[in-house]
Amino acid sequence: MELNRRTVIAGAAAAGMAATTLGGTAHATGGRKPVKTLFGKLADGTKIYSWSLENGGTRLKVLSYGGIVQSLEIPDRRGRYANVSAGFDNIEDYVAKSPYFGALIGRYGNRIGKGKFTLDGKNYQLSVNDGEQSLHGGAKGFDKRVWDIEPFTKGSDVGLYLYYTSVDGEMGYPGTLKTKVTYTLTRHGDWRIDYEATTDKATVVNLTSHVYWNLAGEGSGTIEDHELQIAGSRYTPTDSGLIPTGELAKVAGTPFDFTRAKAIGRDIRTSHPQLVTAKGFDHNWVLDKGITARPEHVATLRDPASGRTLKIATNEPGLQFYSGNFLDGTLTGPSGRTYRQGDALCLETQHFPDSPNKPSFPSTVLRPGQTYRTSTIHTFGC
Ligand code: BGC
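Spelled out as structure tokens, the structure:
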């Protein structure tokens, strides 16, 4: 294990202390050195910083709260920039009412049924925060923690190391989990995420990122015209609590078939029982490539009007496509416009939801001595 940053600022980060890091020193042959500014303060006075990065035509702003991508700007085919990720322009809204806008998700992306699981004969009860289920790590997941951030420039890459230590028993999870997430902007403007974690007791872990994309620009209306392709010929249908039934159902002949690019709005109003239950798409696709040693292409999103495209590559076996079903017009973004249902969408690379209770799904167990490692690459084009 080589997590580092004095191996994840052990107690301090675990206690939620905002460790502040001043500047990076390296000079870029490629992008500019990340710049840190004060974004706001938590109620207890903790300062939250915004880190700005730019490389290869992509501009990224990341908060020390939740590792949140507060803004991600890319050009359209005429070179006009837009922020393509939904969010807020102030810390208070992130704390009070964010539906995980742009955040790092841990310890477990998506749901664990009734927040219960058994590991090595021991029963665990997690924090339950979504009806009967535990969603995205429980009531105070990684999205609501203060991360310790260290900037870097490496050759033509620029980026941030984000560190958080989750103490044994936090949100009901066993083991102290030391987490390091690396956000890299490459000289081609790709945004790469590398997740690493170690534990001192057997546990389960499934980290992801919860950016809400709208390639036409946040606040510009529906994503139903976006075209999506997902390299998955099966998906995991859910029960009424959005917990997978365990079946790996074929997408062929159903609204869930995105094996060839199609407009998201094309079948979203089909009265397929799975779409009715979830109020749209909110499902895990079983990626045909399976778990791979290196990130491989799994999805392409395209906004035909602006020409902006997003390609996702991962080594993970699953992808949650969530079509922003629960956005209801009550949240206002940085553009001053509200987010209504389907105004942004998430593509979360992951292991399957509820894997700790589904022995047939790829395992999410992490044991002492092992290092959890997954990577996702976002490539932008126009
Ligand atoms: C889940 C949705 C949930 C949303 C929270 C998504 O990852 O799949 O069911 O409502 O996160 O904003």
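The numbering of the sequence shown is our numbering, which starts it at 106 and goes up by one.
Think of the CB as a built atom: it goes at the ideal place given N, C-alpha and C, for glycine as much as any other residue.
A quick note: this is a predicted structure, and the numbers were derived from the prediction, not measured.
Buried or exposed (CB count within 10 angstroms, at least 16 for buried), residue i
{"i": "F386", "result": "buried"}
{"i": "T435", "result": "exposed"}
{"i": "R164", "result": "buried"}
{"i": "I396", "result": "exposed"}
{"i": "K249", "result": "buried"}
{"i": "G322", "result": "buried"}
{"i": "D493", "result": "Because the chain here runs from 106 to 487, residue 493 falls outside it and cannot be looked at."}
{"i": "P473", "result": "exposed"}
{"i": "L392", "result": "buried"}
{"i": "Y186", "result": "exposed"}
{"i": "K141", "result": "buried"}
{"i": "P422", "result": "buried"}
{"i": "Q96", "result": "In the structure displayed, the chain extends from 106 to 487; residue 96 sits before or after that span and is not available."}
{"i": "S345", "result": "exposed"}
{"i": "V381", "result": "exposed"}
{"i": "G211", "result": "buried"}
{"i": "L143", "result": "exposed"}
Residue i CB to nearest heavy atom of the ligand ADP below 8 angstroms
{"i": "A383", "result": "Although the ligand ADP was asked about, the structure shown includes only the ligand BGC as ligands."}
Proximal residues to residue i (C-beta, below 7 angstroms), its chain only, five neighbours per side dropped
{"i": "T308", "result": "Y278, P279, G280, L282, L471"}
{"i": "T134", "result": "At T134, the pLDDT of 43 sits below 50, so the modelled position is not reliable; the number obtained from the coordinates is stated separately. The answer, listed in chain order, is G260, S261."}
{"i": "R399", "result": "N420"}
Beta-carbon proximity check, residue i vs residue j, cutoff 9 angstroms
{"i": "D408", "j": "E332", "result": "yes"}
{"i": "I173", "j": "G145", "result": "no"}
{"i": "I328", "j": "A449", "result": "yes"}
{"i": "F466", "j": "P342", "result": "no"}
{"i": "Y489", "j": "I196", "result": "Residue 489 falls outside the range modelled here, since the chain spans only 106 to 487, and no answer is possible."}
{"i": "E401", "j": "T419", "result": "yes"}
{"i": "F247", "j": "T284", "result": "yes"}
{"i": "V251", "j": "T359", "result": "no"}
{"i": "L168", "j": "S314", "result": "no"}
{"i": "F361", "j": "W390", "result": "yes"}
{"i": "G243", "j": "L231", "result": "yes"}
Reduced DSSP secondary structure (H/G/I, E/B, other) of residue i
{"i": "T281", "result": "coil"}
{"i": "P467", "result": "coil"}
{"i": "Y317", "result": "coil"}
{"i": "P378", "result": "helix"}
{"i": "N228", "result": "strand"}
{"i": "S480", "result": "strand"}
{"i": "K249", "result": "helix"}
{"i": "S271", "result": "strand"}
{"i": "N462", "result": "helix"}
{"i": "K138", "result": "coil"}
{"i": "S200", "result": "Looking at the sequence provided, one finds Val at residue 200 rather than Ser. It is helical."}
{"i": "K306", "result": "coil"}
{"i": "A191", "result": "coil"}
{"i": "K221", "result": "strand"}
{"i": "A383", "result": "helix"}
Nonlocal neighbours in the same chain, by C-beta distance under 8 angstroms from residue i, ignoring five residues either side
{"i": "N430", "result": "A383, K384, G385, F386, D387, Q446, G447"}
{"i": "S176", "result": "R164, L165, K166, N188, S190, G192, P439"}
{"i": "S460", "result": "V309, N311, F466, P467, S468, T469"}
{"i": "R365", "result": "Q334"}
Neighbourhood of residue i by C-beta distance below 6 angstroms, restricted to the same chain and skipping five residues each side
{"i": "R297", "result": "T289, I482"}
{"i": "G486", "result": "T414"}
{"i": "T443", "result": "G434, T437"}
{"i": "G324", "result": "G438, S440, R442"}
{"i": "T405", "result": "Q334, K416"}
{"i": "F457", "result": "T341, N389, G423, F466"}
{"i": "E352", "result": "P342"}
{"i": "K394", "result": "E401"}
Any non-hydrogen atom of the ligand BGC within 8 angstroms of residue i CB
{"i": "P473", "result": "no"}
{"i": "P204", "result": "yes"}
{"i": "D330", "result": "no"}
{"i": "H83", "result": "For the chain, the structure presents residues 106 to 487; residue 83 sits outside this window and is missing."}
{"i": "E453", "result": "yes"}
{"i": "Y444", "result": "no"}
{"i": "D387", "result": "yes"}
{"i": "F431", "result": "yes"}
{"i": "G214", "result": "yes"}
{"i": "Q425", "result": "yes"}
{"i": "L347", "result": "yes"}
{"i": "L240", "result": "yes"}
{"i": "H293", "result": "no"}
{"i": "H483", "result": "no"}
{"i": "H315", "result": "yes"}
Short CB-CB distance (under 9 angstroms) between residue i and chain C
{"i": "K138", "result": "Protein chains in the displayed structure number just one, and chain C is not present."}
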